[in-house]
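Count the sequence shown with UniProt numbering and you get residues 1 to 286, in order. The next block holds one structure in the form of structure tokens; read it before the comments.
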Amino acid sequence: MSFRSSSGALRHVAYIDRGVILLNKPAGLVCQAQLPRNASPESTDENQFDYLLQGLKNSLNIPDGPFPVHRLDKCTTGSLLLARSPAMARDLSRQFSQRTIDKYYLAIVRGGKASFPGGEGTVEAALQYNDGRGSLCSSTKASNSVTSWKLLASSPVAPLSLIQLKLHTGLKHQLRIHMAQCLRAPILGDALYSSTDSSKSIGKSISLPKDRVLLHSSFLEFDRFRKSGPSKHLRLGLRSPLPNDFMKLCSDLSIRIDPEYARGGIYVDGRRIDGPLLTDLDGRWL
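So, in structure tokens, the structure goes:
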């Protein structure tokens, strides 16, 4: 995985408009800008994101930016939002802080249909951290976390399920902790929060992606404004396509994927836009 060239950076752009860039983040990318100005040209996992930002800056002729406004875990794929200007970065950071941005994830988790009675629910729990690892906590000083979950499908060939997760708060490893420690259904491949070997519980008939946590940031929806017209406010939704290894595993598990999850796309006020262009925001799907 290399982002040293502009083409390497652009390959992961899913959507762009006059204010934002949506990356479909690959697994393994550490999305924290930290490369010093006098850094060695040798590439490492930790500075790949800096090269990606510089590649976008050069190829898209962005004078000041782009700016990360949130983070995804290194192992998580999918929707990662960048601002193209300081003003948009402030606006998006405010929306994240005020929790007005809707964030949906898809995960393949360990456990069949019986593991999810009722088919949907909400997890609310206080979390604490020690040496980077989170756990449940009863202390009133701990940070509260809230996740909604919905069972989308369960495999008929292995004890695995496809779950949709809505992140109401954004604590470190929140979804991974909630699935493993609250629902007792760890995300597949998550060795940090599961003490048992995934392959033993699934069987030898299914080939699992190596070094992967099957968690995908699927959909973001947030406030934007048209330049003109009687109704300037809109809710822009952006859905990142699922990665190929996620899709293949679902196929192997006989789990049907909604075509919208597979192809991604643009949504305005909850409705999918046909075609690649969003003229209200000078936007296009790549």
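Glycine included, each C-beta is placed from N, C-alpha and C at the ideal position.
Item to check | C-beta contact flag for K57 and P68 at 8 Å | outcome: Annotated as distal: K57 and P68, with beta-carbon spacing of 8 Å or more.
Next on the checklist: For L236 and E260, which I take to be in contact (beta-carbon distance under 8 Å), what is that distance rounded to the nearest angstrom?
Outcome noted: Not really, about 16 Å apart at Cβ, beyond 8 Å.
Checklist entry - Since K74 contacts V30 with CB under 8 Å, what's their CB separation in whole angstroms? => result Contact between K74 and V30 holds, since their C-beta atoms are separated by about 5 Å, short of 8 Å.
Checklist entry - What's the C-alpha gap between A39 and Q32? => result Here the model assigns A39 a pLDDT of 48, short of 50, so the residue's position is not dependable and the matter cannot be decided.
Item to check | Supposed contact pair T100 and D223 - C-beta distance, whole angstroms, cut 8 Å | outcome: For D223 against T100, the beta-carbon gap comes to about 7 Å, under 8 Å, which counts as contact.
Next on the checklist: So within the region 54-133, which uninterrupted beta strand (DSSP E) runs reach at least 3 residues, ignoring any that extend past its ends?
Outcome noted: Listed in chain order, the complete beta strand (DSSP E) runs (minimum 3 residues) inside the region 54-133 are 77-83, 102-110 and 120-130.
Item to check | When P186, L242 and Q164 are compared against S111, the one with the closest alpha-carbon | outcome: Correcting the residue identity first, residue 111 is Gly in this sequence and not Ser. The shortest CA-to-CA distance from G111 to any of P186, L242 and Q164 is the one to P186.
Checklist entry - Could you give the distance in angstroms between the alpha-carbon of residue 358 and the alpha-carbon of A262? => result Since the first residue shown for the chain is 1 and the last is 286, residue 358 is missing from the structure and cannot be characterised.
Checklist entry - Relative to the ligand PLP, is the shortest distance from any of its heavy atoms to the C-beta of V146 smaller than 7 Å? => result With respect to small molecules bound, the structure shown includes none, and the ligand PLP cannot be examined in it.
Checklist entry - Is there at least one Cβ from chain B nearer than 8 Å to R226's Cβ? => result No chain B appears in the structure shown, which is made up of a single protein chain.
Checklist entry - N24: buried (16+ other C-beta within 10 angstroms of its C-beta) or exposed? => result The residue is buried, with at least 16 neighbouring Cβ atoms inside 10 Å.
Next on the checklist: Rounding to the nearest angstrom, what Cα-Cα distance links V213 and K172 in this structure?
Outcome noted: So the alpha carbons of these two residues sit roughly 15 Å apart.
Next on the checklist: With distance defined between alpha-carbon atoms, name the residue in N61, R84 and H70 nearest to L281.
Outcome noted: If we check each option's Cα against that of L281, R84 comes out closest.
Item to check | When A114, Q128, K150 and G134 are compared against residue 288, the one with the closest alpha-carbon | outcome: The structure shown does not extend to residue 288, since the chain spans only 1 to 286, so no value can be given for it.
Checklist entry - Secondary structure at D245, three-state DSSP: helix, strand or coil? => result Three-state DSSP puts D245 in a helix.
Next on the checklist: Give me the residue from C137, K227, D252 and I257 with the minimum Cα distance to residue 302.
Outcome noted: No information on residue 302 is available, as it lies outside the stretch 1 to 286 that the chain covers here.
Checklist entry - On the three-state DSSP scale, how would you describe A153? => result DSSP places A153 within a strand segment (E or B) once states are collapsed to three.
Next on the checklist: What does the Cβ neighbour count give for S97, buried or exposed, with the cut at 16 atoms within 10 Å?
Outcome noted: Per the 10 Å Cβ criterion, exposed.
Next on the checklist: Let me make sure I understand the geometry here. Which of I255, L253 and L286 has the alpha-carbon closest to that of I266?
Outcome noted: The shortest C-alpha separation from I266 is found at L286.
Checklist entry - Whose C-beta lies closer than 6 Å to the C-beta of G189 among residues of the same chain, with five residues either side of it excluded? => result Hits under 6 Å: R212, V213 and L214.
Checklist entry - Count the other CB atoms within 10 Å of the CB of T76; is the residue buried (16 or more) or exposed (fewer)? => result That one is buried.
Checklist entry - For I255, does the three-state DSSP call read helix, strand or coil? => result DSSP places I255 in the coil class of the three-state scheme, outside both helix and strand.
Next on the checklist: Can you tell me whether S218 is buried or exposed? The criterion is at least 16 other CB atoms within 10 Å of its CB, across all chains shown.
Outcome noted: When all chains shown are included, S218 counts as buried.
Item to check | Distance, L192 Cα to residue 308 Cα | outcome: The displayed coordinates of the chain run from 1 to 286. Any statement about residue 308 would go beyond what the structure contains.
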